[in-house]
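> Encoded as structure tokens, here's the structure I'll be asking about.
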Amino acid sequence: MVPLAERYRDRLPLTGATPIVSLGEGATPLLPAPRLSERIGVEVWLKWEGANPTGSFKDRGMTVAVSKALEEGARAVVCASTGNTAASAAAYAARAGIPAVILQPAGAVALGKVAQARAVGARLLEVRGSFEEALAAARELARRGTHALVNSLNPHRLEGQKTAAFEIVEELGAAPDVLALPYGGGGNTRAYSVGFEEAGAGVPRIQAGEAAGRAATVATAIRIAEPAHRAEAEEAVARSGGAVVSLMDEEILAAWRELAGLEGVFCEPASAAGVAAIAKLPPERGARVVCVVTGHGLKDPEAAARLAEAPVSVAAELDAIAEAAA
Ligand SMILES: *Cc1c(COP(=O)(O)O)cnc(C)c1O
4 MVPLAERYRD RLPLTGATPI VSLGEGATPL LPAPRLSERI GVEVWLKWEG
54 ANPTGSFKDR GMTVAVSKAL EEGARAVVCA STGNTAASAA AYAARAGIPA
104 VILQPAGAVA LGKVAQARAV GARLLEVRGS FEEALAAARE LARRGTHALV
154 NSLNPHRLEG QKTAAFEIVE ELGAAPDVLA LPYGGGGNTR AYSVGFEEAG
204 AGVPRIQAGE AAGRAATVAT AIRIAEPAHR AEAEEAVARS GGAVVSLMDE
254 EILAAWRELA GLEGVFCEPA SAAGVAAIAK LPPERGARVV CVVTGHGLKD
304 PEAAARLAEA PVSVAAELDA IAEAAA
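Per our numbering, the sequence shown starts with residue 4, numbered consecutively.
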């Protein structure tokens, strides 16, 4: 497959000298969602970003950030992360043959993401503090010049992430009426806004679903008290005519169950916040809505085990099994 960075080379900050580090990211499915559409009364499409190589949209930005870091002579990368950035940075660093240092807030990271970073050999440091403290330390290491910072404060990340908007416009032939997505640090909201502007087909109204609890939510991927991109993200949402929608955990989990049960799409809880945002604040009937489903359900198997039906124990006898199966 053609790497995302090659496909959109003319719209990304790449030169002939940039060594492209790719795991086959991007070109993710845009799935029609007929049963959810019926339920909500709008035409729902799902941009399934869990289909990226490490299971989240972070890979779109990481291919560009790590490629540029290599071009600029970096010998290691660093990030602070609640999980998916870490899993992605670790994989792309391994692919590039350089070390990755991950600063993660102690106890706040879902199991699958830690497993991913460990498996590819990242150096994981559990910081006994908040995400914000871990990020400040990562920025300082980058300032000292020993490590390239690959958090979304790295502008190359957002450049890569904007390509999802290009794909949506190419596939639908136009921008949708509404784009709905989770709002954590706000980098992705910003990236989509830029991407739609650059695609030249109009910017949809952006409905950004944030966890009302922010620092205390089941949706670990958006468990961020102080969004790094708050000003630009909320300005982009307002300019689009959309809204930031504040969501209770129960509303996010209801959308998470519907995505799985009605459409067969198993995502991590935070990834359902876009769907939850349109369920809570439905656009006009028949509007065309793309919901960005940001990460895979296998990232957070403990959430799935806790929140979904438990298996039923049954004797190894046909009658008992037939009765239980009915
Ligand atoms: C990073 C992430 C988000 C939040 O994106 P921001 O750019 O921080 O707003 C949402 N969902 C998943 C699965 C993520 O990994």
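Think of the CB as a built atom: it goes at the ideal place given N, C-alpha and C, for glycine as much as any other residue. Please read all numbers here as calculations on a predicted model, not as lab measurements.
(1) Within 10 Å of its beta-carbon, does A43 have 16 or more other beta-carbons around it, so buried, or fewer, so exposed?
(2) Return the Cβ separation of I281 and V292 in integer angstroms, given the expectation that the two are a contact with Cβ distance under 8 Å.
(3) Below 6 Å CB to CB, which residues in the same chain sit around S196 once its five sequence neighbours on both sides are set aside?
(4) Contact check, Q210 vs L284 under 8 Å by CB: the rounded distance?
(5) Please determine whether the Cβ atom of N154 lies at a distance below 7 Å from any heavy atom of ligand 1.
(6) Where does S59 land, buried or exposed, given buried means 16+ other C-beta within 10 angstroms?
(7) Just list the residues that DSSP pairs K50 with in beta bridges.
(8) Buried or exposed, going by whether 16 or more other CB atoms sit within 10 Å of the CB of A36?
(9) For a test of your reading of the model: does the CB of K61 fall under 7 Å from any non-hydrogen atom of ligand 1? Yes or no.
(10) May I ask whether a heavy atom of ligand 1 can be found less than 7 Å away from the beta carbon of N55?
(11) Using a Cβ-based criterion (distance less than 7 Å to any ligand heavy atom), does P158 qualify as near ligand 1?
(12) If we count Cβ pairs, one from each stretch, closer than 8 Å, do we get three or more for the segment 199-208 versus the segment 235-250?
(13) In whole angstroms, what separates the C-alpha of G86 from that of L321?
(14) Output needed for E135: all residues of its chain with C-beta closer than 6 Å, excluding positions within five of it in sequence on either side, in chain order.
(15) Between L156 and Q164, what straight-line distance do the alpha-carbon atoms span, to the nearest angstrom?
(16) Return the bridge partner residues of I324 from the DSSP annotation.
(17) Ligand 1 and G277: does the residue's C-beta get closer than 7 Å to at least one heavy atom of that ligand?
(18) Helix, strand or coil: how does DSSP classify A246 here?
(19) Let me check you understand the geometry: is the CB of Y186 closer than 7 Å to at least one non-hydrogen atom of ligand 1?
(20) Please tell me whether R12 and A68 are closer than 8 Å, where the distance is taken between their beta carbons.
(21) So, for E9: in the same chain, excluding its five sequence neighbours on each side, which residues have a beta-carbon less than 7 Å away from its beta-carbon?
(22) Quickly, what does DSSP pair P185 with across the bridge? List them, please.
Quick answer:
(1) Your numbering for residue 43 matches position 40 in the sequence shown. Per the sequence shown, residue 43 should be read as Ile rather than Ala. It is buried - the Cβ of I43 has at least 16 other Cβ atoms within 10 Å.
(2) What you label residue 281 is simply residue 278 of the sequence shown in a count that begins at 1. What you label residue 292 is simply residue 289 of the sequence shown in a count that begins at 1. Yes, I281 and V292 are in contact; Cβ-Cβ is about 6 Å, under 8 Å.
(3) Translated into positions along the sequence shown, residue 196 becomes position 193. A239.
(4) Start at 1 with the first residue of the sequence shown, and residue 210 comes out as number 207. Start at 1 with the first residue of the sequence shown, and residue 284 comes out as number 281. Right, their Cβ atoms sit about 6 Å apart.
(5) Indexing the sequence shown from 1 puts residue 154 at position 151. N154 Cβ: outside cutoff for every heavy atom of ligand 1.
(6) In the sequence shown, the residue the question calls residue 59 occupies position 56. S59 comes out buried.
(7) For this step, residue 50 is matched to residue 47 along the sequence shown. DSSP, once it has assigned bridges, lists L33 and V295 as partnering K50.
(8) One-based indexing of the sequence shown puts residue 36 at position 33. Classification for A36: buried.
(9) Taking the first residue of the sequence shown as 1, we reach residue 61 at position 58. It does: the Cβ of K61 is within 7 Å (strictly closer) of some heavy atom of ligand 1.
(10) To locate residue 55, count along the sequence shown from 1; it is residue 52. No, the beta carbon of N55 sits no closer than 7 Å to any heavy atom of ligand 1.
(11) Position 155 of the sequence shown, counted from the first residue, corresponds to residue 158. No, ligand 1 has no heavy atom inside 7 Å of this Cβ.
(12) yes
(13) Translated into positions along the sequence shown, residue 86 becomes position 83. Translated into positions along the sequence shown, residue 321 becomes position 318. Cα-Cα distance, rounded: 44 Å.
(14) As a position in the sequence shown, residue 135 is number 132, starting the count at 1. Only E229 meet the Cβ criterion.
(15) Sequence index remark: in the sequence shown, residue 156 carries index 153 (1-based). Sequence index remark: in the sequence shown, residue 164 carries index 161 (1-based). The alpha-carbon atoms of L156 and Q164 are separated by roughly 13 Å.
(16) As a position in the sequence shown, residue 324 is number 321, starting the count at 1. For I324, which the question treats as bridged, DSSP gives no partner whatsoever.
(17) By one-based count along the sequence shown, residue 277 stands at place 274. Outside the cutoff, so no.
(18) In the sequence shown, residue 246 corresponds to position 243, counting from 1. Three-state DSSP puts A246 in a strand.
(19) Residue mapping note: residue 186 aligns to position 183 of the sequence shown, counting from 1. At least one heavy atom of ligand 1 is nearer than 7 Å to the Cβ of Y186, so yes.
(20) Locating residue 12 in the sequence shown gives position 9, counting from the first residue. Locating residue 68 in the sequence shown gives position 65, counting from the first residue. No, they are not a contact pair.
(21) Residue numbering aside, residue 9 sits at position 6 when the sequence shown is read from its first letter. Correct list, in chain order: I23.
(22) In the sequence shown, residue 185 corresponds to position 182, counting from 1. G212.
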